[in-house]
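Below is one structure, written out as structure tokens, with a few remarks after it.
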Amino acid sequence: MLAAESQYFALLRAALWDRPVDVDGDIDWDSVMQLAKHHATHALLCGVASQMTGNNRPSDALVGKMQVTMRNNLLLHMQLKSILVPAVNLLREHNIEPVLLKGFGLAMLYPNPNLRQFGDIDLFVGLDNFHEACKLLRTLPGSYNWGEEEDSGHHYNIEFGPYPMEVHRVSAEVTGAKEAAIYLPIEHEGLVEQARRVDLDGFDITVPSIEFQVFFTFYHAWHHFLTSGVGWRQVSDVAVALHAFHEQLDRDKLYRWLDSMHLMEPWQTFGWLMVNLLELPETEMPFYSAKKKRRAHRLFRRIMREGNFKRNSNFKRKAPKRRVWHKVHAFIGIFVDFFYRAHVFPSVALRELKAALGEAFAKVRKAK
């Protein structure tokens, strides 16, 4: 591990677990903060760095910039909450109870919720309420959208100035009918049957069940790895959720869900990193396996390189506009994804390749 990487993780651990920074010697602040931005943990590190004392404290000028970053993150949270509250109240007036996903719900688990970075609001309303909820939210002042919602998408975007809201008919993208048949009952249990009510700065809000909060947070990070690139913000989300709920978590249920979705191998590999790099206590990491060290090291280097939403951006930007060549490009992308995933998880990559090809050929047959 490079010196700047080691320093980055020392600062990140201090932010996650609310403890002093344990770093000897001079800190390469430029490199560390570049890593923090790359992994969407910038505000978290600014919080702990600005409180440091001693010889390795950042300069006064840098502390001033860090304070601006923290203030901007707080203002963003306030803006998003000013959108969230009327949206939830409007839906409740029409007997629709939305469930808050990601964002605020995860930020609440951090020592300083105002420093967890996010830029949108995710509300799950379910299949039955999807169209009605979208119609209602389009009536809110300041809302903007690009047209009617579609049944084919898993969520619908409504924008409030620069702040997007994702209205979810399903909580996550799943590949193929077989995976959906497993995932949707899990989703229904976690977001409908056993959803919880919590206090968000004086506002009563519905969030997922404890087991689904943990499961979905990991599934979301895993989806980032498979598609757009996962950063340490997503991995940290899983770690803080496990830390917050380790005493209440139904581990048997979590095991069944992970096993049924073929996620145990990725879960244990990410788990090795959470225990050994983020220093999540091993007792709080269900199904921890020290044997995943070698695979975890390959995953570590992939995470460090790709970061939050950074994967395959050049390839995707080069997609041709002509329909035929666009399809050829997309087909090549299936194999680009395969080789990317196979470096860390070969069995998963093969399974995903088969599913993607099956879906692609099904679309061709349907078109004929």
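Note that this note's numbering has the sequence shown beginning at 14, numbered continuously upward. Glycine residues also receive a C-beta, built at the ideal position from the N, C-alpha and C atoms.
One or two residues paired with residue i in a DSSP bridge
| i | result |
| --- | --- |
| Phe-216 | Leu-213 |
| Tyr-123 | BP columns for Tyr-123 are empty, so no partner. |
| Phe-137 | Val-112 and His-181 |
| Ile-171 | Met-178 |
| Tyr-157 | Glu-172 |
Residue i (DSSP reduced to helix, strand or coil)
| i | result |
| --- | --- |
| Glu-186 | coil |
| Ser-95 | helix |
| Tyr-301 | coil |
| Gly-242 | coil |
| Asn-321 | coil |
| Glu-163 | coil |
| Ser-273 | helix |
| Met-14 | coil |
| Thr-282 | helix |
| Pro-294 | coil |
Check whether residue i and residue j have beta carbons under 9 Å apart
| i | j | result |
| --- | --- | --- |
| Val-136 | Ala-100 | Just to set this straight, residue 136 is Leu in the shown sequence, not Val. Contact: yes. |
| His-52 | Gly-320 | yes |
| Leu-48 | Ala-17 | yes |
| Ala-28 | Gly-60 | yes |
| Gln-64 | Tyr-176 | no |
| Ala-383 | Leu-128 | With the chain running from 14 to 381 in the structure shown, residue 383 is simply not present. |
| Glu-110 | Ala-208 | yes |
| His-416 | Lys-115 | The question about residue 416 has no answer, for the chain in this structure spans 14 to 381. |
| Val-180 | Glu-161 | no |
| Thr-282 | Arg-308 | yes |
| Leu-293 | His-256 | yes |
| Leu-97 | Leu-122 | no |
| Ile-347 | Leu-363 | no |
| Asp-133 | Thr-240 | no |
Next item on the list: Evaluate contact between the stretch 264–281 and the stretch 218–236, counting only Cβ atoms and requiring at least three cross-stretch pairs below 8 Å.
Entry: yes
Item checked: 4 or more residues per run - each alpha helix (DSSP H) lying fully within the stretch 31–87 -> The stretch 31–87 contains these whole alpha helix (DSSP H) runs: 42–51 and 55–62.
Next item on the list: Say whether the stretch 236–253 touches the stretch 24–43, bearing in mind that this needs 3 or more beta-carbon pairs closer than 8 Å, one atom from each stretch.
Entry: yes
Notebook entry, point to check: Looking at C-beta atoms only, is the number of pairs between the stretch 166–176 and the stretch 191–208 that lie closer than 8 Å three or more?
Noted result: Because the criterion of three Cβ pairs below 8 Å is not met, the stretch 166–176 and the stretch 191–208 do not touch.
Check: For the stretch 226–270, which segments carrying the alpha helix (DSSP H) assignment without a break, of at least 4 residues, lie completely within its bounds, in sequence order?
Finding: Entirely contained in the stretch 226–270, the alpha helix (DSSP H) runs reaching 4 residues are, in chain order, 245–258.
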